[in-house]
Amino acid sequence: MSNVYEERATMIAAGELQSFVPFGREHCKNHPNAVNLQLRQLQPASELWSSDGAAGLVGSLQEVTLQENERECWQLRKGCVGDSGDVDYEEELYTAGNMVIWSQGSRNQASSVYKAFTVDSLVQQALWCNFGVPQKNKDAHEVEEQTVCIVQSTCVNVHSVSGKDFISPLPFQVSTLWPTKFGLLLERKNPASDAPLSPLREPLPTVFSMLHPLDEISPVICRPSGLFEAASVQYVSDSTMKIVFTCSDPSIVVTYDTVQGNHSVWALHKVTSEEQAAMLKWPEQMGSRAQQGLVGPSFLTSHLRSVPRLDSPVGVGMVSPLHCHALHSRMTSSPGHHSRTHSPSISNMAALSRSHSPGMAAPSFTGAARFNVSYCSLSPRGHPSLLPSPNSTINESLLGPEMEPIVPDLCMEQLWSEPASAAPHREMSCQASKVFLTSDLCENHYLCFLVESHQQLRCVKFIESNNPSQLIFPSVVTLPAKDAAPLEHIDAMLVLETNGSLALYTGITRVSKVFVPGLLSPSFSLSNHSGQQSTPIEGVSTPAKATGRHIRTMDEMAMPSPVSEIKGSTTKLPDWSWQDDYPFQTMVPYIQALRDPVSNRVTLELSNGTMLRISIPEIATSELVRKCLQALRFILPKDVAMKVLVKWYSMYNAPGGPSAHLEWNLFVTCFISLMGYNTERLRWTRNLHFEVPLSPVIAAKKARPAETGSDEDWEYMRGCHYHRQMVCRLAGLESVTSEPSAGDSSSQSQSPPTSPTLRLDSSAPLFPHIPALFYVLHLLYQEMQLNDLQRGGARALVSLLQQLARDLHLEQYIDLYWRDYPSLITSFTEVCLIEQAQLEQMQRPAFLRAEPPCVFSWLSRCLRGQEVPPFPFLPGICERTRLLVLSYALYIVGDENAISVDMYKYLAKFSAGQRKSGSEANFRRQSSGKTESSNESLAEKLVVWLTSAGFTLKDLESVPFGVALPIRDAIYQCREQPCSDWSEDVCLLIGRQDLTKQAHKLTLAKGKAPVGPGLSLEPPTTTEAEEEEDGMTELNQDVIGLIWSQDLRVQEARRLLQSSRPVRVSVVHLPEVSDHEYIEEKENKLLQLCQRTMALPVGRGLFTLFSYHPVPTEPLPVPKLNLTGRAPPRNTMVDLNSGNIDVPPNMTGWSSFHNGVAAGLTIAPASQVDSAWIAYNKPKIPELANEYAGFLMALGLNGHLTKLATLNIHDYLTKGHEMTSIGLLLGVSAAKLGTMDMSITRLLSIHIPALLPPTSTELDVPHNVQVAAVVGVGLVYQGTGHRHNAEILLAEIGRPPGPEMEYCTDRESYSLAAGLALGMVCLGHGSNLIGMTDLNVPEQLYQYMVGGHRRTHAGINREKHKSPSYQIKEGDTINVDVTCPGATLALAMIYLKTNNRSIADWLKAPDTMFLLDFIKPEFLLLRTLARCIIMWDEILPNSDWVSSNVPQIIKENIGNTVVSEDLNMETLAQAHDYIIAGACMAVGFRFAGSANSDAFDCLYKFARTFMQGLTSATATVTGPYNLQTCLSMVLLAVSMVMAGSGNLRVLQLCRFLHKRTSGEMNYGFHMAHHMALGLLFLGGGRYTLSTSNSAIAALLCALYPHFPAHSTDNRYHLQALRHLGVLAAEPRLLVPVDVDTLKPCYALLDVTYKESQWYEETTVELMAPSMLPELQLLSRIKVKGPRYWELSIDLSKGTQHLQSILSRDGVLYVKLRAGQLPYKDDPRGWKSLLAPSVNNRNSEVRTFKPEAISTFTSDPALVSFAEYFCKASDGMKNRGETLALFSAILYESVTQENPEMLPTYIAIDQAVRSLRRGEASETFALWQMRLVLEMCESRTLQGRVREGGQGGGALLSSEFLPVMKNTADGTLDHWLADHSEVLRAYLRNQPLAEGRQSTMLACFLVYHSIPCLRSFHHSPLEGIPSFPELLLRFSQLGVPVRALLRLSPLILGPAPSPHAL
């Protein structure tokens, strides 16, 4: 019998044969570039090489030497671009000529081009490589960037998948590039000219690395193993060492030494600091040594030559450093090897080459001279004292720091080297033509290299040691082979044997031959010709003739293939090969080579040149077999496991193998016959069907003729399980079945005498391991029970398990299986006898206990609150067991540490003896994810933990319904009160789509903002042409329609702010006015109106702020500024250019700048804008230059200008266009706010004379540009307190006018700018200005403010200010009119919010008439404002506080009619109004963006007062101009408070002032009013103002209370600064968006304020969409029920989450609850379906119509359930009852918001029904039912319900379960009453009954959780006198009381006689 297990010559069949042609070849033919290439070839070579003559010459030479025909090559790999999920596809990289084609294709999809590249010169090599891109923050991992590298002779083109292109020039000629884990390795080409050199020259490094296309190329260092361990770090400069293979995981390099003829393996890692230090310290030692004089060269070389003989004992397999310093004895170095001082360093070359085109950058000299850089000298590190540096003369080495070498990036550490061949006469090993990694089925890893000359495949086994970078290489095995290819997917490799046939190996174990249909395997042996093949040196791709090899062929290039393996010269066999000797053989093609393996597919290259792609079948396709094999591999020793797997593989894949559904039968037969069973004799295995004759294990069956049946068929049918089941039901066939069943029942005790005893063959390979295998499969069975989708597999497994259990006499296991599948198990009866001696041979493992582990009873014990032992599980196989056991431990037992530290309290992980326990630590690490703070509830912990373990809703659906109930319960609780910051996966699991979508948006890559996320993007319905061009079309109408649903205020604001249509000029033509005068009058009127039109864009920019996402291919639409008019009634055109009136020159310059800013500000910060698009918007006509200048400034304000390339900034500034410079400088500074960016500082300094060195040439910088630059300095250094800048700016505030005319005009705006900038630099620092005490900043500012004697100018610029101005006579006092505003605002900003009273008192308004006369009234406004914002906390929003700022003298006299003569009434009145306006401004700043009603009422009152003043008589005292100024400031203050709210009363004020165009209304006032209007609707209602220090500084710049008098006026304040207000805007609009419709909707919010000094913690109710208050004031925001699912955002942990929501258009996803309607459709909540259900609970079920379901829910599953299950159909049994039940279930699950419970309800109903009808053939459903009941009765959960008030048992409705429980109880009690003797028999351990009784008994035992009593029959059940004792005895077994009550009559009974029981 034993011979069955011996190896036979087996054969397997390869599948999916198809001929293979590289896709690129076809594509190349049709590629349009083919034509251009032919044209290019006609050009002379010199034209192609456009660099210097030498390069041209070399170029033409190269062209000549290249062969005429294009060589092609390609490589394939497993697809990994993009995330196509599980689709298994291949990628091909095809190279021919100068084209590279990257294509993708899979089995079921044709290949398609992914990318195609065409380069200028011939492609030498193309390869895939992943580069690491380092991240900004240190902790983040490097991001891998996938690229294709295309090597040309002078450069490498790198194209990344994300679309980036790089060109890296090559400083030397490269022979090959290799991809590694860190980047590229470059192997330098060693020209033959290197060799004959004087020995003094040192070899140049030969291997270089490039970690990223933008990095320098640096040499690689190596650390050979051997003698000089510590110091032996050196450059890789051995020209005889060739790389043959690289791999990224593990990171290794395989090299070949052409002299010694052996291969070495090196680990590649990044250089450590020690290695770097070792490399870099050599030059210093070299210098000192050189002074001692040079040793003669002869000594040096002789010494070097002797090194190998001295140091390394020959013949020992130990390798000395770099093969005994062979590199020094074979000095092959380069000619032009100068010291580094005489040549540019490589970094300069790299920099140079990056800035030019690659063709010019690397002129092609010979390889070495091109890279003429001295690396440090390489003396053998072992003998530093003996050797001076061979390369240095004294003067060179003393040249100093220039000598330092390039820092290496990578280091190669030698791990293993092939033992050198001992005998000298033996032929030297040749270079491997192919190297690859492979692993076998038992996870051993091998590094294989194919030495073609010897026809050997050498397999080196390697093991990863504890240090991951170190590999251990224990053994080498050599297999004879002509070629080989790894099959990664199936852990095997395909070997082309020397006789030409294909064989499959797993690791080094031969599995079988591979049969390829249609190919003969050559029958003759080629072994005797092998010698001949290796004689000519051509046949081996040795790198000895590197130049020849390089040019000879592309195919022979060492190309890594997808599975990292090398293609050598095997692709085309040379012509002289053995084909000529066998002419007859050429008729039938045979296999010549293997190539391109991907997963389990490989290409065969045939002798006739065609290629075939075949796939090798997998080890198993069915999930069940795969799991069993996994378990086998887990438990068996490796060698046995390997045997079994190989046996199974060759049997399963025999030619014409079985189909998938028969795979299990085949597996069982193979498996148990390997255990020693005779499958022919066992009845149940004999009847297993499979279609194939089973080679080695089972003798082939007779093939039966299909047409005629036989007796065996009938027997088979009668023996089948289905037949027995039917028999049990239909007693009518009793006569037929009586005979077999009789036999069956008797065979239970002993087998019938007729059949010979079945024995096991103890010599079978698996025989000793039967118990262990049984246990592992039992655990696998338990795992499969936990997955509904694999229960079929569990059922199949049970038949195998029961046989093993019977033979091992494990009664309790059989009992367990019988309880699970009663009718199935009773049909199996055969027992195989295992003799005692044989039992002793078996290894009975300790973990095999008598009591079987059953996962359901374990979970049930948890629910009943009993003690639970740890449950055994197999790591990596029983993952679901692990998850569910730990989930119960956490949630039901309530042990929070179950998922982290105490895991092994609940899980017993056993490992097979030979397995390393490394997985345990890993397992702990992975599971302890993160330990949360303990305030989370258990439910939250459970859900978060499950998600981190990768558990999804899909997984939950396949968990049996009873087991899943606690998890569903936890999910239900979390769904009610979720955390706002959970990850997307957690939200998915708990079924909150709103949160999932929110989380999904948050995790989107930062740069890619969705266009208007989720909100509809249809343009508004107005389609008239003129509507489109006003620049305000992009506002989101949906949101605006919700915020202001009642009226058209937004349209009104839009009408007031549009400037693209002509204005209406209505002048009445009086009879006495002549026509000419009338025209002039009309034009004058138009000029007045144009003042308003030109001011509009400033307001429009605020109105449309950040509302547009531009399309990168279209320029930004800029609405035109229309300055024409139309005169009614004839609508005639009125134009300013007619020449009738004088129009100021340059009138429209600034207004078109503002128009450009307004257009640019519409771009949202989240848009994708790049440098090219900014330049693309540049206008073609010079008239639009001002507009473009504004556009640039706007891009700075929304942060996009940082993307503009420095080159472009330089271009713009050199044009000398004043506006462009202003816009650019302000924009760049705003974009770099507070960063102290150096490059921007340099840019600004050029424009500020004070920041230039005193000796620098005077630059002629326009005054306005200087102003912009000064403010720019303030922005870039905002809040930094930078001392130098503060000092300069302080001096600049009082900059005197220069001697010539410089600095004389518009001095006020410069001084103001310096003051604002100083304030920004020291923003809010107050008195703690570090290191500035000597500057006396506050005193100096005070002096600027009130005047006094000018101080001498300190600092660098005092020379410039020596001579006074010839134009302006100022004397030596400070001109307060110039310096006061800047100094006042600087003080205000430095002491902002500090509440510093002493400084504030400096700013008080004077309280005597004498002093009042000395100060300009408008300075009083500034002082009041400054004083109030310093005393920030004292600002109160009421008119009393505002008036309290007015000095006593003014208050007393302002209203009196009679005043004394010494008071100037005009001064008092003006001072009063300006002080009031200043205080109002302060209120505006304090409450900016808060919409505070008190502040609004107070300010609105003052605004009305000023308006009445304008129209009344008192206007004459103050003067209309002053009143108008004050009114404008108060109006701005009101709109600051109400920013973004669109308040109607403010809108009315603005509209009223918009209409006033005559009188004092100038350009500046219009600008102020329309800015107020813009602020009121800031960003279309999505933005409001912040009150942070930075925002206040920006607003002070923008709202400076002196507005320009006309459109070119910049005297007091630069107009461009008006736009800085944008920096104070922040998005605070929260827009609820319905997650189902993706439309914005209304939702109620509860907003909770933190407590502050003014109020306690309060909660207000808002109807969103609404503006939120400032986030730092809030503690929580909550979406309120009952319409929407609740959702709270806790701001106490931090505001980042909410800020990110707000910054993406404030979209907060909400989800309607079932049966609710949105507020828009049902404002009062009366139409809801749940509204009428208050009165009577029961009536609602009856009134519920399934048709109404669609109003409840949009879930398609529920709607169709209602459609198909809840409507009566014909032929439905007891239909009323069913429909009522289904409708009630549906109603329940919908209204309780847990539709996922619907299947559970129905499953419970089904279980009870089948029990009632007695149709159950398995007890699975009852198990689940029992778990559900235990869950609902669980004490722990009930306790939790009481605490929490809700949740817990809310999952299953109160009425449904009791009814079901009752029915089940009743059914089983009836059965017990009728058949108590069946239960008695069971308790007495008598043979089980057959048929239905057996099934019902199993149901009874499972349902009432009665344990297996067989083990207790030794404690007799009789003799128990009373129920209490029975209770005591059974409670130890964990039998519930309700079961005992049913058992007690049987056990206690009326003192029964023994035979009666």
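If you use our numbering, the sequence shown corresponds to residues 296 to 2252, in order.
Glycine residues also receive a C-beta, built at the ideal position from the N, C-alpha and C atoms.
It should be emphasised that the depicted structure is a prediction, and the values quoted were computed from it without experimental measurement.
V1560 and L1912 have their C-alpha atoms spaced approximately 12 Å apart.
The C-beta separation of Q1353 from M1327 comes to about 7 Å, placing the pair in contact by the 8 Å criterion. In this structure, the alpha-carbon of T1719 lies about 20 Å from that of G1814. Less than 8 Å separates the beta-carbon of A309 from that of V809. In the DSSP assignment, A1525 falls within the alpha helix (DSSP H) that extends over E1513 to A1526. According to DSSP, residue pairing for A405 in a beta bridge does not occur.
Bridge partners of P1366 according to DSSP: none are assigned. If you ignore the 5 residues before and after Y1895, its C-beta comes within less than 6 Å of the C-beta of H1908, all in its own chain and listed in chain order.
For Y1895, the three-state secondary structure derived from DSSP is coil. A straight line joining the alpha-carbon of A1467 with that of V2085 spans about 54 Å. The beta carbon of D1280 is closer than 6 Å to those of T1242 in its chain, skipping five residues each way along the sequence. Around the beta carbon of Y1199, fewer than 16 other beta carbons sit within 10 angstroms, so the residue counts as exposed. Nearest to F1205 by alpha-carbon distance, out of L1074, G1257, N739 and L1290, is L1074. Under the three-state reduction of DSSP output, T1689 falls in the coil class, being neither helix nor strand. In the three-state scheme derived from DSSP, where H, G and I count as helix and E and B as strand, T1882 is classed as coil. Taken through DSSP and simplified to helix, strand or coil, H454 comes out as strand. Counting C-beta pairs closer than 8 Å gives fewer than three between the segment 1346 to 1360 and the segment 1950 to 1969, which falls short of the contact rule. Here the alpha carbons of D934 and S760 stand approximately 21 Å from one another.
Where L2106 is concerned, the enclosing alpha helix (DSSP H) starts and stops at L2093 to R2108. With distances taken between CA atoms, Y1201 lies nearest to V1180 out of I1187, V1180, G1189 and Y1186. The bridge partners DSSP lists for L705 are K565. Contact check between the segment 917 to 933 and the segment 1085 to 1093: three or more CB pairs, one atom from each, fall below 8 Å, which counts as touching. Going by C-alpha positions, L1925 is about 23 Å away from L1842. In the pairwise beta carbon analysis, the segment 2009 to 2020 is classified as not touching the segment 1986 to 1999: fewer than three pairs are separated by under 8 Å. In the DSSP assignment, P769 falls outside any alpha helix (DSSP H) and lies within the beta strand (DSSP E) extending over L766 to P775. Within the same chain, and ignoring the five residues on either side of S1606 in sequence, the residues whose Cβ sits closer than 6 Å to its Cβ are I1588, V1673, T1674 and G1677. Counting C-beta atoms within 10 angstroms of its own C-beta, L2228 has fewer than 16 neighbours from the protein chains shown and is therefore classed as exposed. Under the three-pair Cβ rule at 8 Å, the segment 1890 to 1905 does not count as touching the segment 1976 to 1993.
Taking 8 Å as the cut-off, the beta carbon of F744 is found closer than this to the beta carbon of V549.
In the DSSP assignment, V469 falls within the unbroken beta strand (DSSP E) covering V469 to P474. Nearest to N2089 by alpha-carbon distance, out of S796, V1429 and D1264, is D1264. Following the DSSP letters along the chain, one finds F810 inside the beta strand (DSSP E) bounded by residues T804 to F810.
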